[in-house]
Amino acid sequence: MLSGFLQADPAAIDAQRRRMGAMAGGRPRIGLSWRSANADFGPQKSLRLDDFTPLFAAVDAFWVDLQYGDTTAERTALQAGQDIALWRDPAIDPLRDMDAAAAQYAALDLVITTSNTAAHLAGALGLPVWLLLPAPGYGLLWYWFLDRPDSPFYSSLQCFRQERPGDWTGPVGLVAMALKARFGPKP
Numbered sequence: 234m235l236s237g238f239l240q241a242d243p244a245a246i247d248a249q250r251r252r253m254g255a256m257a258g259g260r261p262r263i264g265l266s267w268r269s270a271n272a273d274f275g276p277q278k279s280l281r282l283d284d285f286t287p288l289f290a291a292v293d294a295f296w297v298d299l300q301y302g303d304t305t306a307e308r309t310a311l312q313a314g315q316d317i318a319l320w321r322d323p324a325i326d327p328l329r330d331m332d333a334a335a336a337q338y339a340a341l342d343l344v345i346t347t348s349n350t351a352a353h354l355a356g357a358l359g360l361p362v363w364l365l366l367p368a369p370g371y372g373l374l375w376y377w378f379l380d381r382p383d384s385p386f387y388s389s390l391q392c393f394r395q396e397r398p399g400d401w402t403g404p405v406g407l408v409a410m411a412l413k414a415r416f417g418p419k420p
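Per the numbering used here: the sequence shown = residues 234 to 420.
This is how it looks when you write it as structure tokens:
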């Protein structure tokens with residue numbers, strides 16, 4: 234049972250679980266979102282998709298692209314010459330159908346995201362969310378606070394913070410360790 238204050242359609246969640254389950258083959262289903270379109274702070278809050286490479290190496294998971302907008306070039310570049318697959322459901326456009334996006338999120342075991350819409354939707358649904366945050370004074374918005382590893386608004390959200398502006402290696406490394414602890418290391 235999810236603990237959020239929003240709920241996705243149970244039938245749509247079941248359909249998404251069946252669809253992803255066939256491809257996941259028993260592996261955890263983990264959604265990723267890495268960019269913010271915020272006009273003022275988007276660049277400071279955003280990662281490059283290849284910044285997540287340590288996560289792909291940490292656990293054997295079924296990775297799902299939750300990023301809004303066209304990510305084809307980024308996914309193609311990431312997957313070139315590597316054994317990394319990041320699945321994108323062509324039937325879901327989170328910018329046009331929030332209900333479908335909510336069902337997709339609810340069918341996942343974990344959402345890893347930067348400070349963007351994905352963090353708020355997953356948190357409102359009560360899903361496990363691991364949030365990558367920029368350094369204080371460098372795009373960190375007030376509602377993520379400075380002195381908390383969690384969120385007073387979303388009980389299922391855990392924060393991973395930059396120590397130095399622009400350096401995502403620390404928080405991504407912590408997320409990789411947390412993934413291994415939660416799901417076991419990649420064989």
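The beta-carbon is built from N, C-alpha and C at its ideal position, and this holds for glycine as well. These numbers were taken from a predicted model, which means no experiment stands behind them.
For residue i, tell me which candidate among the options has the shortest Cα-Cα distance.
i    : options                : result
G258 : A411, F295, G403       : F295
R308 : W267, M331, D273       : W267
V297 : W320, D284, G275       : W320
P404 : P361, I345, Y387       : I345
A352 : G264, A248, A245, P243 : G264
L390 : A248, P382, P243       : P382
G399 : F386, F378, G370       : G370
P361 : L379, Q395, V408, A368 : V408
How is the alpha helix (DSSP H) around residue i delimited, first residue to last?
i    : result
Q277 : 275-278
L311 : 305-312
Once you ignore the five residues that flank residue i on each side, which residues in its own chain have a CB closer than 7 Å to its CB?
i    : result
M234 : Bear in mind that a pLDDT of 44 at M234, under 50, signals an unreliable position, so the model cannot answer this.
L412 : L288, A291, V292
A334 : I325, P327, L354
Just to confirm the assignment, what range does the beta strand (DSSP E) spanning residue i have?
i    : result
D298 : 295-298
Ordered along the chain, which non-local residues of its own chain (more than five positions away) have a Cβ less than 6 Å from that of residue i?
i    : result
F416 : P261, V292
S441 : This structure cannot speak to residue 441, because the chain is shown only from 234 to 420.
Y387 : G356
A339 : A241, I246, L358
G237 : A357, L358, G359
Excluding the 5 residues preceding and the 5 following residue i in the sequence, name in chain order all residues of the same chain whose CB lies nearer than 8 Å to its CB.
i    : result
I317 : T286, F289, W296, L311
G406 : P287
P420 : D293
A248 : A336
A270 : Y301, G302, N349
Would you list, in sequence order, the uninterrupted alpha helix (DSSP H) runs of no fewer than 4 residues that lie entirely inside the segment 338-403?
-> Taking only runs of at least 4 residues, the alpha helix (DSSP H) segments lying wholly in the segment 338-403 are 350-358.
Which residue spans inside the segment 248-288 form an unbroken beta strand (DSSP E) run of at least 3?
-> Correct list: 262-266.
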